[in-house]
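2 protein chains.
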Amino acid sequence: MKRVTIKDIAHNLGLHHSTVSRALRFSSEVNAETRERVINYAQSKGYQINRNALLLRGVRSNIIGVIVPNIHHNFFSNFVSIVTRLAFESGFIVAIFQSEESLVQEIEIVNSIIQQNLAGVIFSHSMETEEVSHFNKLDQYKIPIVCFDRVTKSLNKSAVVLNNEATLRNVVRKLSAMGYSKIAYLSGASSIQLFRERQNGYIGGLEEINASYSNCVALAGAFTIQKGQELIKELWMHDEKPDALIFDSHFLAIGALSYLKKNHPGCTDNLGIASFGGDPCLSLYAENTIIIKQPEKQMAEAALDLLLSAIDNPAADKVEIIEFQAEIIDNKL
Amino acid sequence: MKRVTIKDIAHNLGLHHSTVSRALRFSSEVNAETRERVINYAQSKGYQINRNALLLRGVRSNIIGVIVPNIHHNFFSNFVSIVTRLAFESGFIVAIFQSEESLVQEIEIVNSIIQQNLAGVIFSHSMETEEVSHFNKLDQYKIPIVCFDRVTKSLNKSAVVLNNEATLRNVVRKLSAMGYSKIAYLSGASSIQLFRERQNGYIGGLEEINASYSNCVALAGAFTIQKGQELIKELWMHDEKPDALIFDSHFLAIGALSYLKKNHPGCTDNLGIASFGGDPCLSLYAENTIIIKQPEKQMAEAALDLLLSAIDNPAADKVEIIEFQAEIIDNKL
DNA sequence: GTTATTTACGCACACGTGTGCAAAACAATG
DNA sequence: CATTGTTTTGCACACGTGTGCGTAAATAAC
Numbered sequence: 028m029k030r031v032t033i034k035d036i037a038h039n040l041g042l043h044h045s046t047v048s049r050a051l052r053f054s055s056e057v058n059a060e061t062r063e064r065v066i067n068y069a070q071s072k073g074y075q076i077n078r079n080a081l082l083l084r085g086v087r088s089n090i091i092g093v094i095v096p097n098i099h100h101n102f103f104s105n106f107v108s109i110v111t112r113l114a115f116e117s118g119f120i121v122a123i124f125q126s127e128e129s130l131v132q133e134i135e136i137v138n139s140i141i142q143q144n145l146a147g148v149i150f151s152h153s154m155e156t157e158e159v160s161h162f163n164k165l166d167q168y169k170i171p172i173v174c175f176d177r178v179t180k181s182l183n184k185s186a187v188v189l190n191n192e193a194t195l196r197n198v199v200r201k202l203s204a205m206g207y208s209k210i211a212y213l214s215g216a217s218s219i220q221l222f223r224e225r226q227n228g229y230i231g232g233l234e235e236i237n238a239s240y241s242n243c244v245a246l247a248g249a250f251t252i253q254k255g256q257e258l259i260k261e262l263w264m265h266d267e268k269p270d271a272l273i274f275d276s277h278f279l280a281i282g283a284l285s286y287l288k289k290n291h292p293g294c295t296d297n298l299g300i301a302s303f304g305g306d307p308c309l310s311l312y313a314e315n316t317i318i319i320k321q322p323e324k325q326m327a328e329a330a331l332d333l334l335l336s337a338i339d340n341p342a343a344d345k346v347e348i349i350e351f352q353a354e355i356i357d358n359k360l
Numbered sequence: 028m029k030r031v032t033i034k035d036i037a038h039n040l041g042l043h044h045s046t047v048s049r050a051l052r053f054s055s056e057v058n059a060e061t062r063e064r065v066i067n068y069a070q071s072k073g074y075q076i077n078r079n080a081l082l083l084r085g086v087r088s089n090i091i092g093v094i095v096p097n098i099h100h101n102f103f104s105n106f107v108s109i110v111t112r113l114a115f116e117s118g119f120i121v122a123i124f125q126s127e128e129s130l131v132q133e134i135e136i137v138n139s140i141i142q143q144n145l146a147g148v149i150f151s152h153s154m155e156t157e158e159v160s161h162f163n164k165l166d167q168y169k170i171p172i173v174c175f176d177r178v179t180k181s182l183n184k185s186a187v188v189l190n191n192e193a194t195l196r197n198v199v200r201k202l203s204a205m206g207y208s209k210i211a212y213l214s215g216a217s218s219i220q221l222f223r224e225r226q227n228g229y230i231g232g233l234e235e236i237n238a239s240y241s242n243c244v245a246l247a248g249a250f251t252i253q254k255g256q257e258l259i260k261e262l263w264m265h266d267e268k269p270d271a272l273i274f275d276s277h278f279l280a281i282g283a284l285s286y287l288k289k290n291h292p293g294c295t296d297n298l299g300i301a302s303f304g305g306d307p308c309l310s311l312y313a314e315n316t317i318i319i320k321q322p323e324k325q326m327a328e329a330a331l332d333l334l335l336s337a338i339d340n341p342a343a344d345k346v347e348i349i350e351f352q353a354e355i356i357d358n359k360l
């Protein structure tokens, strides 16, 4: 009742295991009839190759690791979902790791990946990660890396990113065109390159439209409903209230909007809202809602492509940065 | 520049690799001084054990597989997220598999899991899966299984489930108490036990409240926005319109509501809405919204507990079904 | 019928780790 | 010093698979 191995097959067929191995790999140096016998027997016994044995012989793993801050967030779960599907179609399996925005956790994850000898890694780093040298360890073990979303240039790895600065500039323009001028922005930690870029785009946009309301960025160390509530509460204490809000995360948006709805009813009626996160449900909420949609599908495809070609061709070691444009969707489903 | 192995260490320290192995495992039969030397050297060289070699020796894998229809859906991504986190804390890694509601895919996944020799499997099967015998293959390889959410009794495995019938009965009661009587239900394929149970609860609830509007279940083979639009379109062709809607999925709800908003504006103003899926954002939408929240956290904990104890104690082979109550949340965040 | 060539298979080792057993080194006892 | 006991280390094999090399048998060439 235990696993059937090529040795078992060999023994039962009066062959050597090396012959069985060759037969199963359709080697030309095994007699057609013998091959037939082996394959039929293997099939009848439900033989499944033991991948672990292959790994030991130096064959690369077919498991790739994906490290994300978490998979609650729509963007990440969509991304992971697509990577997982495409990877499976290419014969790869995806192991998921969540840094939970913690650097310590991230370091542990990297060690774990080395121990498992994974084939490669796609990752978006945590909010806490300002220094990325722990990822260099992977180089030593020749485990290729592709970054996405939150990247750090100094790591010098292939990456798939959004054109963040331009995106935020466009969102501000769009809100301005809709008649809003006092635009606040609930963003992420500015230690992260990604958010710095967006914040720059935001400020640039405000300058461009000559906003009376000067730049008002509230920074969130984590993207939770609670954080959204806290930040908006603070923001609403100022005398001058914004007339539009931009959110870096769906959860920040929900937190903020639910807070306003409960504590300042009516004030959201004419509020302009733009949010990353891509859950179409927000646009059910209000007419004047903008969804900032990242092209997860294309990004996931691109990231996997980069990784698989790095796996196939470890020598190449080329660095490629692919930039995508966010789609700014004007309240339709 | 290649991986440091115990043999390398042994060679450099003039020891045999078996001594090094013992030293690293803190065996009492190795000299304290030698052990010290080995451990220091290993640390200085950044030695990381090669798990694949362990696997070959029969040590169980530390990778568990989680098979879900997909991870777009909030319930599944939350569940997977929690399982992944808890598993990592217990030294396990999670590999994700998406059946995409396809039986063929599911069978391929099972084979892949066998090839990888995973430690165990937690799964919720696809909509297409009426017959579950392909999972029995895992028994042969002594890979333990825990089912959750969508389960099939005939498989006779430990499972973590919702009290579906009672839940739907309660939802109907609740809507009735809120003054609704013409309650329609957009549900999933009735070939799945889970949805049959819910549908029975729904019908039972309607009888209980003496609903004038007879049972009206629209079945979705997949939970997508598009399906929600299609089903509601069909439903809205009938003369008598429902005054409340129950959804088995967030995406069905968004699809349906966006359709109504666009094509029958105003009609949703007084509509009672209850939805599985747990995205709090729906309750921003309307006052009269009920969120049917499954206790993902507890369910994930329970499922992982069951699996880990089955892994630790393969002989026990006991079957345990754990049932949870859904929380019916009345429009607050 | 002899030699050369091809075909088909077996042998042995490698991959990294762990462990039962034997051998060596050392300590203790008489 | 001889004997016994204990501690420490090394040897050899196992796990499942693939592959270079060798070789016997089968076939072809002359």
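Sequences listed follow chains D and G, in order. Numbering of the first sequence is given in this note's numbering, commencing with residue 28 and proceeding in unit increments. Numbering of the second sequence is given in this note's numbering, commencing with residue 28 and proceeding in unit increments. Ideal placement from N, C-alpha and C gives every residue a C-beta, glycine not left out.
**Study point:** Spatial distance of ILE136(G) from PHE124(G) (CA atoms)
**Key:** Within the second sequence, the letter at position 109 stands for residue 136(G). Within the second sequence, the letter at position 97 stands for residue 124(G). Answer to the nearest angstrom: the Cα atoms are 7 Å apart.
Point to revise | Assumed close pair GLY299(G), TYR207(G) - CB separation to whole angstroms, cut-off 8 Å | key: Working through the second sequence from its first residue, we reach residue 299(G) at position 272. Working through the second sequence from its first residue, we reach residue 207(G) at position 180. The C-beta distance from GLY299(G) to TYR207(G) rounds to 4 Å, short enough to fall under 8 Å.
Point to revise | Endpoints, beta strand (DSSP E) assigned at TYR212(G) | key: Residue numbering aside, residue 212(G) sits at position 185 when the second sequence is read from its first letter. From DSSP, the beta strand (DSSP E) with TYR212(G) extends over 210-215.
Review point. Which stretch, first to last residue, makes up the alpha helix (DSSP H) that contains ALA37(D)?
Key: Indexing the first sequence from 1 puts residue 37(D) at position 10. In the DSSP assignment, ALA37(D) falls within the alpha helix (DSSP H) that extends over 33-40.
Review point. Which residues share a DSSP beta bridge with ASP357(D)?
Key: Walking along the first sequence from the start, residue 357(D) turns up at place 330. Note: ASP357(D) sits in a beta bridge opposite ILE317(D).
Exercise for review: Within its chain, find whatever has a CB closer than 8 Å to the CB of PHE53(D); leave out the 5 residues flanking it on each side and keep chain order.
Suggested key: The residue you call residue 53(D) lines up with position 26 of the first sequence. Excluding positions up to five away in sequence, the list reads ARG62.
**Study point:** CB contact below 8 Å: THR111(D) versus chain G
**Key:** Reading the first sequence from its first residue, position 84 is the one you call residue 111(D). Yes, because at least one Cβ of chain G sits closer than 8 Å to the Cβ of THR111(D).
Exercise for review: Could you pull the start and end residues of the beta strand (DSSP E) that LEU246(D) belongs to?
Suggested key: The residue labelled residue 246(D) in the question sits at position 219 within the first sequence. 244-247 is the extent of the beta strand (DSSP E) around LEU246(D).
Practice item. Could you tell me which residues DSSP puts in a beta bridge with VAL93(G)? Key: To locate residue 93(G), count along the second sequence from 1; it is residue 66. Bridge partners of VAL93(G): ILE123(G), ILE149(G).
Practice item. May I ask which residues mark the beginning and end of the beta strand (DSSP E) holding GLU14(G)? Key: Nothing about residue 14(G) can be read from this structure; chain G reaches only from 28 to 360.
Exercise for review: Note down, in chain order, every chain D residue with its Cβ under 8 Å from the Cβ of ASP306(G).
Suggested key: Position 279 of the second sequence, counted from the start, is the residue given in the question as residue 306(G). Here the neighbours are ASP306, CYS308.
**Study point:** Through-space distance from SER181(G) to LYS184(D), alpha-carbon basis
**Key:** Reading the first sequence from its first residue, position 157 is the one you call residue 184(D). Reading the second sequence from its first residue, position 154 is the one you call residue 181(G). Those two C-alpha atoms are separated by around 50 Å.
Review point. Comparing the C-beta of ILE356(D) with each C-beta of chain G, is any distance below 8 Å?
Key: Stepping through the first sequence from its first residue, residue 356(D) is reached at position 329. Judged by the 8 Å Cβ criterion, ILE356(D) is not in contact with chain G.
Practice item. Over the uninterrupted beta strand (DSSP E) stretch that includes VAL188(D), give me the two end residues. Key: As a working mapping, residue 188(D) is identified with position 161 in the first sequence. 185-189 is the span of the beta strand (DSSP E), which, as asked, contains VAL188(D).
Review point. In whole angstroms, what is the alpha-carbon distance linking TYR22(G) and ALA238(G)?
Key: Chain G is shown only over 28 to 360; residue 22(G) falls outside these bounds and no answer can be derived.
Practice item. Consult DSSP for ILE273(D) and reduce its assignment to one of helix, strand or coil. Key: Within the first sequence, residue 273(D) is the residue found at index 246, counting from 1. In this structure, ILE273(D) counts as strand in the three-state DSSP scheme.
Review point. Among residues of its own chain, excluding the 5 on either side of PHE162(D), which ones have a beta-carbon nearer than 7 Å to its beta-carbon?
Key: Taking the first sequence and counting its residues from 1, the one referred to as residue 162(D) is at position 135. Counting only Cβ-Cβ distances below 7 Å, and skipping sequence neighbours, we find VAL137, ILE172, LEU182.
Practice item. Using 10 angstroms around the beta-carbon of MET154(G), count the other beta-carbons present and answer buried if the total reaches 16, otherwise exposed. Key: Position 127 of the second sequence, counting from 1, holds the residue named residue 154(G). So MET154(G) counts as buried.
Check your understanding: Is the CB of VAL187(D) under 8 Å away from at least one CB in chain G?
Key -> Position 160 of the first sequence, counting from 1, holds the residue named residue 187(D). No, VAL187(D) does not count as interfacial toward chain G.
**Study point:** DSSP three-state assignment for ALA238(D), whether helix, strand or coil
**Key:** Along the first sequence, read from residue 1 onward, the residue named residue 238(D) stands at position 211. It is coil, neither helix nor strand.
Review point. Quick one: is VAL131(G) buried, meaning 16 or more other Cβ sit within 10 Å of its Cβ, or exposed?
Key: Taking the second sequence and counting its residues from 1, one reaches residue 131(G) at position 104. The residue is exposed, with fewer than 16 neighbouring Cβ atoms inside 10 Å.
Exercise for review: Provide the residue span of the alpha helix (DSSP H) that contains PHE162(D), from first to last.
Suggested key: On the first sequence, residue 162(D) is found 135 positions in, with the first residue counted as 1. Neither: PHE162(D) is in no alpha helix (DSSP H) and is coded neither H nor E.
**Study point:** Neighbouring residues, chain D, relative to HIS44(G) (Cβ below 9 Å)
**Key:** Numbered from 1 along the second sequence, position 17 holds the residue referred to as residue 44(G). In chain D, no part has a C-beta under 9 Å from the C-beta of HIS44(G); the shortest such distance is about 15 Å.
Practice item. Please decide whether ILE170(G) counts as near chain D, where near means a Cβ-Cβ distance under 8 Å. Key: Working through the second sequence from its first residue, we reach residue 170(G) at position 143. No - not a single Cβ of chain D is within 8 Å of the one on ILE170(G).
Exercise for review: Note down the Cα distance separating LEU360(D) from GLU328(G), rounded to an integer number of angstroms.
Suggested key: Taking the first residue of the first sequence as position 1, residue 360(D) is located at position 333. Taking the first residue of the second sequence as position 1, residue 328(G) is located at position 301. With a pLDDT of 48 at LEU360(D), under the threshold of 50, the predicted position of this residue should be treated as unreliable, though the coordinate-derived value follows. One C-alpha to the other measures close to 35 Å.
Review point. Using DSSP with H/G/I as helix, E/B as strand and the rest coil, what is GLY299(D)?
Key: Sequence index remark: in the first sequence, residue 299(D) carries index 272 (1-based). GLY299(D): strand per DSSP, three-state reduction.
Check your understanding: So what's ILE170(D) in DSSP terms, helix, strand or just coil?
Key -> Within the first sequence, the letter at position 143 stands for residue 170(D). In the structure shown, ILE170(D) sits in coil (DSSP, three-state: anything other than H, G, I, E or B).
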